[in-house]
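**Q**
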Amino acid sequence: GMDGSQIAKAISSFPNILLYSLEANLKPCVQWMSGLGMDDSHIAKAIGSFPQIVGCSLEANLKPKAQLLRERGFTNAEIASTLAKAPQLFGHSSTRLVHRTSLLQAQGLLTET
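Residues 17 to 129 (this note's numbering) are what the sequence shown spells out, left to right.
(1) I believe Leu-126 touches Leu-52 by the beta-carbon criterion, under 8 Å. Please report the beta-carbon distance rounded to the nearest angstrom.
(2) Taking only the alpha-carbon atoms, compute the straight-line gap between Leu-105 and Glu-94 and give it to the nearest angstrom.
(3) Does the beta-carbon of Gln-123 have 16 or more other beta-carbons within 10 angstroms, so that it is buried, or is it exposed?
(4) Starting from Arg-116, trace the alpha helix (DSSP H) in both directions and tell me its first and last residue.
(5) So, for Asn-130: in the same chain, excluding its five sequence neighbours on each side, which residues have a beta-carbon less than 7 Å away from its beta-carbon?
(6) Give a yes or no on whether the C-beta atoms belonging to Gln-68 and Gly-17 are separated by under 9 Å.
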């Protein structure tokens, strides 16, 4: 889980996270990240650095973007690495997400989380 400093950082950078539902927002997002192969520490890091991700729609945003990356040759491990290292990329448009992650992949920065 998240430690006190990660929780404080998430709340201070995005106070609206306190309005999100644990059942409707946080748990589904965490379960989805876990399903990609992210461990608890990387999930906590992702949410701590970009708390807005828990407000992103799984069906309309996160899952389609992950699928788009898979269609471009990304593995689940590389998608998980992107979420751990730069979760804010999933807040960008699909075009920008693909461009930025392709650059990271080409530089070999997505191999390990």
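Cβ coordinates follow ideal geometry from the N, Cα and C atoms, glycine included.
The model shown is predicted, which means the values in this text are computed figures rather than measured ones.
**A** Here's the rundown:
(1) Their Cβ separation, rounded to whole angstroms, is 12 Å, which puts Leu-126 and Leu-52 out of contact at 8 Å.
(2) Going from the Cα of Leu-105 to the Cα of Glu-94 covers about 13 Å.
(3) By the 10 Å Cβ count, Gln-123 comes out exposed.
(4) Where Arg-116 is concerned, the enclosing alpha helix (DSSP H) starts and stops at 110–122.
(5) Residue 130 lies beyond the stretch modelled for the chain, which goes from 17 to 129, so this question has no answer here.
(6) Not closer than 9 Å, so no.
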